[in-house]
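Residue numbers (the working numbering): 131 to 225.
See below:
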């Protein structure tokens, strides 16, 4: 690989990182309008989404877990459906 190609590749990588960082910051700003004091939880959820993974959010009632996920779904233009878990819930009940 010659120097010009390497420099171009590094520049493209740098621009991609800047775009991702700017996008993440914009998402965090939007969520900050709805969710207050949950910065670590929001960051971990965004990491999970960007990595294509899954997460389980747990906590006592009143911590805005549902509101947080509903807001994230709205930002990403995704459907949101809340599922109330019960002891007799089966996977077929969800799909």
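From the three backbone atoms N, C-alpha and C, an ideal C-beta is built for every residue, glycine too.
Predicted, not measured: the structure shown is a model, and the values here were computed from it.
Within 10 angstroms of its Cβ, does residue 222 collect 16 or more other Cβ (buried), or is it exposed? exposed
Burial state of residue 159, where buried means 16 or more other Cβ atoms lie within 10 Å: exposed
How big is the Cα-Cα spacing for residue 167 and residue 204? 19 Å
Give the C-beta separation of residue 176 and residue 157 to the nearest angstrom, bearing in mind that I take them to be a contact with Cβ-Cβ under 8 Å. 6 Å
So for residue 194, helix, strand or coil by DSSP? coil
C-beta atoms of residue 196 and residue 212 nearer than 9 Å: yes
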